[in-house]
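Chemist: With the numbering used here applied, the sequence shown corresponds to residues 305 to 546, in that order.
Using N, Cα and C, we set each Cβ at its ideal position, and we do this for glycine too.
This one's a predicted model, so the numbers in the text were calculated from it and none came from an experiment.
For reference, the structure I am asking about is given below.
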Amino acid sequence: MIYSNKYNRNLYGAATLSTQQDFDPRDRKKYSLEETTFRRFLVWSIRNLFHAIMVMKVEGLENFPLDGAVIVAANHNTNFDVFPMQLSLPRPIFFMGKAELFRTPLEPFLRNLGAFPVNRGEKDEWAIRYARKVLAHGQTLGMFPEGTRSKGRGLNVAKTGTARMAIEMNCPIIPMAVVGSDQFFKRFPHRSRVTVKLLPPILPNPHDTPLSLTDRLMFALAAGLPEPMRGVYAEAPKGFGG
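Here it is, written out as structure tokens:
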């Protein structure tokens with residue numbers, strides 16, 4: 305399954321020029337836009353580590369494109385969500401991480417795992433430009449539309465950033481339902497059961513606004529989650545077309 309992105313080249317050029325004009329201290333760091341040998345080794349090591357604490361079931365992998373720009377949009381239970389997300393997919397995920405994590409000893413590992421920092425609570429132009437670059441390179445961008453962890457209590461009201469990016473870059477969104485990651489380490493030495501469900505792609509249409517596409521995404525994501533985890537998206541408004 306291949307999706308075209310007619311805007312990639314122009315948007316990538318604009319992003320590069322903007323980065324040169326508006327220098328940001330983060331530009332001093334190297335954030336790889338390709339899968340490196342070290343990254344493959346890190347993912348292999350993490351896979352073996354998580355095998356000791358997690359039994360993972362993956363559903364709907366046929367919905368995930370094997371190449372081309374795509375956004376994976378997941379519910380956000382805990383800080384550990386990125387691990388079952390990545391371990392369930394055959395392609396590397398590049399994802400935003402809160403800037404605070406990049407001021408710890410984990411910083412070089414996060415960069416090599418495909419993470420890049422975002423300053424929360426503000427419109428971070430550098431992070432937005434870098435996310436565009438990820439998609440312009442035909443890669444997979446991982447996003448949490450809720451913007452904050454639910455800790456298994458149900459979906460929160462989503463922000464429109466994921467939808468804005470999909471509309472701007474003309475790429476599909478794959479909703480990803482992650483169930484069970486909030487139980488990591490709670491049943492040790494027994495392994496936690498985690499289910500990752502990839503739902504059918506959502507394509508922006510010419511009539512979509514960021515809000516309408518966000519609603520389509522979140523109600524589709526909620527439908528892939530158990531009822532107690534659907535939160536504010538448990539029931540679609542009457543007449544909602546999905």
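(1) Grouping DSSP H, G and I as helix and E and B as strand, with all else coil, what is L502?
(2) Name the DSSP beta bridge partners of T408, please?
(3) Which residue spans inside the region 445-491 form an unbroken beta strand (DSSP E) run of at least 3?
(4) Can you find the residues in the same chain that come closer than 6 Å, C-beta to C-beta, to Y537, ignoring five residues on each side of it along the sequence?
(5) Extract the residue ranges of the alpha helix (DSSP H) inside the region 335-371, only unbroken runs of 4 or more that lie entirely within it.
(6) Alpha carbon to alpha carbon, how far is F420 from A431? Give it in angstroms, no decimals.
(7) For a quick check, are the C-beta atoms of L480 and V376 less than 9 Å apart?
(8) Between F342 and R395, what straight-line distance do the alpha-carbon atoms span, to the nearest angstrom?
(9) Expressed to the nearest angstrom, what Euclidean distance is found between the alpha-carbon atoms of E539 and P530?
(10) Whose C-beta lies closer than 7 Å to the C-beta of I506 among residues of the same chain, with five residues either side of it excluded?
(11) Here's the rule I'm using: 16 or more other beta-carbon atoms within 10 Å means buried, otherwise exposed. How should P409 be labelled?
(12) Whole angstroms are fine: how far does the CA of A467 sit from the CA of Y311?
(13) Assuming V482 contacts N381 (C-beta within less than 8 Å), just tell me the rounded distance between them.
(14) For A356, count the other beta carbons within 10 Å of its own beta carbon; 16 or more makes it buried, fewer makes it exposed. Which is it?
(15) For I397, which residues in the same chain have their Cβ closer than 8 Å to its Cβ, ignoring the five residues on either side in sequence?
(16) Got a sec? Which residues, its chain only, sit under 8 Å from N416 by beta carbon, not counting five neighbours each side?
(17) Along the beta strand (DSSP E) that carries A377, what are the first and last residues, could you check?
(18) Straight-line CA distance for F492 to F384?
(19) When you compare only the Cα positions, how much space is there between M469 and R436?
(20) Just to confirm before moving on: does the CB-CB distance between L414 and L405 stay below 9 Å?
(21) Give the C-beta separation of I471 and P514 to the nearest angstrom, bearing in mind that I take them to be a contact with Cβ-Cβ under 8 Å.
(22) How would you label T256, buried or exposed, when you count the other beta carbons within 10 angstroms and need 16 or more for buried?
(23) With distance defined between alpha-carbon atoms, name the residue in E429, G442 and D486 nearest to P369.
(24) Comparing the CB of H355 with every heavy atom of the ligand NAP, is any distance shorter than 8 Å?
(25) Can you round the beta-carbon distance between V500 and V362 to whole angstroms, since I take them to be within the 8 Å contact cut?
Modeler: Let's see:
(1) Looking at L502 - three-state DSSP - the assignment turns out to be strand.
(2) Answer is none; T408 lacks a bridge partner.
(3) 477-483
(4) Excluding positions up to five away in sequence, the list reads L459, M522, F523 and A526.
(5) 341-355
(6) 7 Å
(7) Strictly speaking, residue 480 in this sequence is Met, with Leu absent from that position. Contact: yes.
(8) 15 Å
(9) For E539 and P530, the distance between alpha carbons rounds to 13 Å.
(10) P476, I477, P479, R520, L521 and A524
(11) exposed
(12) Confidence in Y311 is poor, its pLDDT being 41 and thus under 50, which makes the residue's placement unreliable; the coordinate value appears in the next sentence. Going from the Cα of Y311 to the Cα of A467 covers about 16 Å.
(13) 6 Å
(14) exposed
(15) V376, V386, M389, Q390, G418, T444, L445 and G446
(16) S336, T340, F342, R343 and L346
(17) For A377, the uninterrupted beta strand (DSSP E) run begins and ends at V374 to A378, by DSSP.
(18) 16 Å
(19) 8 Å
(20) The answer is yes: Cβ separation under 9 Å.
(21) 7 Å
(22) Nothing can be reported for residue 256, as the shown portion of the chain is limited to 305 through 546.
(23) G442
(24) Among the ligands in the structure shown, none appear at all, so the ligand NAP cannot be discussed.
(25) 5 Å
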